[in-house]
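Using numbering that gives the first Met the number 0, read the sequence shown as starting at 0 and increasing by one per residue. Heads up, the beta-carbon is just placed ideally off N, CA and C, and yes, glycines get one too.
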Amino acid sequence: MNKPQNRLKKLPKVDLHLHLDGSVLPETLIELAKHSGSELPAWEPEKLLPYMRVEGDCDSLAQYLEKFDFVCAFLQSAHALERVAYELVKQCAEQNCRYIEVRYAPQLHREQGLTVEQTIESVLRGLAAGESEFGTVARCIAICLRGHSREQNLEVIHGASAYLGRGIVAVDLAGAEAAYPPELYTAEFALAGKLGLPVTIHAGEAAGAESVETAVLKLGASRIGHGVRMKGDAEVTELIRSRGIPLEMCPISNLQTKASPDWDSYPLRGYFDAGIRVTVNTDNLTVSGTTITKEYEALRDHLAFTDAELCAIVMNGAEAAFLFGEEKRSLCAKLAEELNDWLTETVS
Ligand SMILES: [Zn+2]
Numbered sequence: 000m001n002k003p004q005n006r007l008k009k010l011p012k013v014d015l016h017l018h019l020d021g022s023v024l025p026e027t028l029i030e031l032a033k034h035s036g037s038e039l040p041a042w043e044p045e046k047l048l049p050y051m052r053v054e055g056d057c058d059s060l061a062q063y064l065e066k067f068d069f070v071c072a073f074l075q076s077a078h079a080l081e082r083v084a085y086e087l088v089k090q091c092a093e094q095n096c097r098y099i100e101v102r103y104a105p106q107l108h109r110e111q112g113l114t115v116e117q118t119i120e121s122v123l124r125g126l127a128a129g130e131s132e133f134g135t136v137a138r139c140i141a142i143c144l145r146g147h148s149r150e151q152n153l154e155v156i157h158g159a160s161a162y163l164g165r166g167i168v169a170v171d172l173a174g175a176e177a178a179y180p181p182e183l184y185t186a187e188f189a190l191a192g193k194l195g196l197p198v199t200i201h202a203g204e205a206a207g208a209e210s211v212e213t214a215v216l217k218l219g220a221s222r223i224g225h226g227v228r229m230k231g232d233a234e235v236t237e238l239i240r241s242r243g244i245p246l247e248m249c250p251i252s253n254l255q256t257k258a259s260p261d262w263d264s265y266p267l268r269g270y271f272d273a274g275i276r277v278t279v280n281t282d283n284l285t286v287s288g289t290t291i292t293k294e295y296e297a298l299r300d301h302l303a304f305t306d307a308e309l310c311a312i313v314m315n316g317a318e319a320a321f322l323f324g325e326e327k328r329s330l331c332a333k334l335a336e337e338l339n340d341w342l343t344e345t346v347s
């Protein structure tokens, strides 16, 4: 008997919005703490998990983000970054992800003296090792942070640019959206544009449609992280639709951060039906307690997506990948074939 959840696990998938520091296994954190002689509030994975994962009481993005400080303290060496990057590819391969884009903020991993470039090299080494061992193609997005200085963020853009085409595929802006609107970061993303770095911006998660509009019109975003709160603004919704800008939606996380209060008001189905290029992603495997398979289950169970529609979502992800030329064509062709096989496979 092929159970429905096994069937969705077998669905070949793509994850474009996946944070490295939000996806660390508790077992790994324990080993990293032992290795560095650091203290932990608990030494068993299940007792440590509440410090790394949001529980039912999360009521905002700000609360959600608190979980990251705890983990980041242990990701300050080349060894730690390489290891968690490698393990993240493994976790995604186990859920049948064919392609992932892993993002992280270089400036958060420099407490022990690493340069931006050294953090990038460590993450890329881990991703490459994971890709060659598990077969999931893994690329990286470097994150600029809201609340960081212009100097810090420009350093990230320059560092990312040095590795563009060698593992880095884009730059992003993340952090407390409500407190730091996107127009504060025009200088950083003007440089990204000048250097030929593709841009995605976290927008419409903790602020409204104007944040999405600014990300596209002023920061040059060609993808939007989340975009949940542009719902209800016809003009911005039409801007996103007509320009074919993919939304990196993360359903389980979006409900946890209260970007949307419940499944009934979650706009993913409406966006999809309106012809917006919706993609489905995890955000943070550990902080959200999710997997890409669980996200697809949520689409099926809460938003009435059919198998064929789920395949369309996967293809949206492949087409929105920050890959170009032959690499992009080959990912799309491979997925189209595998999705067709999955769709026509009889459940027995
Ligand atoms: Zn995110």
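With respect to the beta strand (DSSP E) encompassing Met229, which residues constitute its N-terminal and C-terminal limits? No beta strand (DSSP E) holds Met229; DSSP gives it neither H nor E.
Residues in its own chain within less than 7 Å of Leu80 by CB, not counting five upstream and five downstream? Same-chain partners within the cutoff: Leu74, His108, Thr118, Ser121, Val122, Gly125.
Assigned secondary structure, Val279 (DSSP; H/G/I helix, E/B strand, else coil): In this structure, Val279 counts as strand in the three-state DSSP scheme.
Relative to ligand 1, is the shortest distance from any of its heavy atoms to the C-beta of Ala320 smaller than 7 Å? Not so, every heavy atom of ligand 1 lies at least 7 Å from the Cβ.
Are the region 213-221 and the region 181-192 touching, with three or more C-beta to C-beta distances below 8 Å? Judged by Cβ distances under 8 Å, the region 213-221 makes contact with the region 181-192, as three or more pairs qualify.
Does the beta-carbon of Leu15 have 16 or more other beta-carbons within 10 angstroms, so that it is buried, or is it exposed? Counting of Cβ neighbours within 10 angstroms places Leu15 among the buried residues, the total reaching 16 or more.
Closer than 7 Å: is that where the CB of Asp340 sits relative to any heavy atom of ligand 3? Although ligand 3 was asked about, the structure shown includes only ligand 1 as ligands.
Contact between the region 64-71 and the region 13-30 (3+ Cβ pairs under 8 Å): Because the criterion of three Cβ pairs below 8 Å is met, the region 64-71 and the region 13-30 touch.
Buried versus exposed call for Gly146 [16 or more other C-beta atoms within 10 Å across all chains shown]: An exposed status is given to Gly146, since fewer than 16 other beta-carbon atoms sit within 10 Å of its beta-carbon.
Uninterrupted alpha helix (DSSP H) stretches inside the region 73-114 (no shorter than 4 residues): As far as the region 73-114 is concerned, its whole alpha helix (DSSP H) runs of at least 4 residues are 77-93.
For ligand 1, I want to know if Asp282 counts as a neighbour, meaning its beta carbon is within less than 7 Å of at least one of the ligand's heavy atoms. Indeed, a heavy atom of ligand 1 lies less than 7 Å from the Cβ.
In angstroms, rounded to a whole number, what distance separates the CA positions of Ala332 and Met314? Approximately 10 Å between the Cα atoms of the pair.
Throw me the rounded Cβ distance for the His225 and Glu204 pair, which I believe falls under 8 Å. Contact between His225 and Glu204 holds: CB atoms are separated by about 4 Å, below the 8 Å threshold.
Cβ of Leu10 within 8 Å of Cβ of Trp341? Cβ distance < 8 Å, so Leu10 and Trp341 count as in contact.
Please determine if the region 88-95 and the region 28-47 are in contact, where contact requires at least 3 C-beta pairs separated by less than 8 Å. Contact check between the region 88-95 and the region 28-47: fewer than three CB pairs, one atom from each, fall below 8 Å, which does not count as touching.
Put Thr27 into one of helix, strand or coil per three-state DSSP. In the structure shown, Thr27 sits in a helix (DSSP, three-state: H, G or I).
Give a yes or no on whether the C-beta atoms belonging to Val168 and Cys139 are separated by under 8 Å. Result yes, Cβ atoms of Val168 and Cys139 sit closer than 8 Å.
One or two residues paired with Arg371 in a DSSP bridge: The question about residue 371 has no answer here: the residues shown for the chain are numbered 0 through 347.
Could you name the residues that DSSP lists as bridge partners for Glu247? According to DSSP, Glu247 bridges with Gly224, Thr278.
Element boundaries [beta strand (DSSP E), containing Ala169]: Counting along the chain, the beta strand (DSSP E) containing Ala169 begins and ends at 167-173.
Using DSSP with H/G/I as helix, E/B as strand and the rest coil, what is Ala202? In this structure, Ala202 counts as strand in the three-state DSSP scheme.
May I have the straight-line CA-CA distance separating Asp261 from Asn253, to the nearest angstrom? Cα-Cα distance, rounded: 9 Å.
Gln111, buried or exposed, once every other Cβ within 10 Å from all chains shown has been counted against 16: Within a 10 Å sphere around the beta-carbon of Gln111 sit fewer than 16 other beta-carbons, which makes this residue exposed.
Roughly how many angstroms separate the alpha carbons of Thr199 and Leu60, rounded to a whole number? Near 18 Å, if we compare the C-alpha coordinates of Leu60 and Thr199.
Quick check on the DSSP output: the beta strand (DSSP E) that includes His16 runs from which residue to which? Under the DSSP assignment, His16 falls in the beta strand (DSSP E) whose first and last residues are 12-18.
Between Glu187 and Arg222, how many whole angstroms is the CB-CB distance? I'm expecting something under 8 Å. Wrong, their Cβ atoms sit about 17 Å apart, outside the cutoff.
Less than 8 Å between C-beta atoms, sequence neighbours within five positions excluded: which residues of the same chain meet that for Ser329? No residues qualify anywhere along the chain.
For Gly288 and Leu194, I'd like the C-alpha separation in whole angstroms. Cα-Cα distance, rounded: 36 Å.
Across which residues does DSSP place Leu163 in a beta bridge pair? Ile167, per the DSSP bridge assignment.
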